[in-house]
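Below: one structure, written as structure tokens.
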Amino acid sequence: MKETISPRSGTAFLLPRGAQLKIIDPMGEQVCDLLCFSQQDKREALSSGRTIDYNNKIFFSEGDKFYSNRSEVMFEILGDTVGRHDFLLTPCSSDTFRIIYGHDHPHRGCFGNLEAALKEYGITGDDIPTTFNVFMNVTVNGETGEIKVEPPKSKAGDYIIIRAEMDLIVGLTACSAEQSNNYSFKPIEYQILNP
Ligand SMILES: [Zn+2]
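Numbering (my numbering), first residue to last: 48 to 242.
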């Protein structure tokens, strides 16, 4: 069954080992922050640093494996119709909106949405690492290292499919940051396949 994450919100759920998760951008140009923890020990979490290290690159797509802070494979991308995602930037937060956008009453962002959704699994804000930002398009200047947040390359109906390689607690959002989503907030859909 397909589930919908409303604009600027988030959710969390269990994904057993071997199950596949399809994340769909139903309208196009919408980012979805993904993060996961081991069901066995929630101190084991997705690690951007280790994933970059062991894959020798910063952009990930089909066939790439994603590692935990304990260097275990948490999931692999099985399918990807977009081919550009980000694993450098932290989830957007009220601080992001205050510091970068200058908002006086900032939205809680993906960080606050993940914190709220993961609370029932005993996970707090301090436990949240860098998220894998599905469909987020961040370009990097190879000389200076300067980064730029560009509109996502995803079009309506684009998706990625990941397969859990351990029993996971997963957090997912429909991202709340203006610039990341080409200045419009849209839903995200997801579907758990062969659980
Ligand atoms: Zn966000």
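The C-beta atom is built at its ideal place from N, Cα and C for all residues, glycine as well. Keep in mind it's a predicted model, so treat the numbers as computed, not measured.
{"Query": "To which residues of the same chain is I99 closer than 8 Å at the C-beta, ignoring the five residues directly before and after it?", "Result": "I105, F134"}
{"Query": "If I follow the unbroken alpha helix (DSSP H) through L158, where does it start and stop?", "Result": "The displayed chain sequence assigns Phe, not Leu, to residue 158. Taken as a continuous stretch (DSSP letters only), the alpha helix (DSSP H) holding F158 covers 156-165."}
{"Query": "Determine the direct distance from the alpha carbon of N241 to that of H154, and round the result to whole angstroms.", "Result": "35 Å"}
{"Query": "Considering Cα atoms alone, identify which of E123, V129, C139 is closest to E225.", "Result": "C139"}
{"Query": "Are the CB atoms of I75 and K202 nearer to each other than 8 Å?", "Result": "The question names Ile, but residue 75 is Gly in the sequence shown. Going by C-beta atoms, G75 is nearer than 8 Å to K202."}
{"Query": "To test your reading of the DSSP string, which unbroken alpha helix (DSSP H) runs of 4 or more residues are found completely within the stretch 136-219?", "Result": "156-165"}
{"Query": "Using only the alpha-carbon positions, how far apart do V181 and S231 sit?", "Result": "16 Å"}
{"Query": "Just to confirm my understanding: we take Y101, look at its own chain, exclude 5 residues before and 5 after, and list those with CB closer than 7 Å. What are they?", "Result": "Y114"}
{"Query": "Which stretch, first to last residue, makes up the beta strand (DSSP E) that contains Y114?", "Result": "112-114"}
{"Query": "Roughly how many angstroms lie between the CA atoms of K69 and R55, to the nearest whole one?", "Result": "19 Å"}
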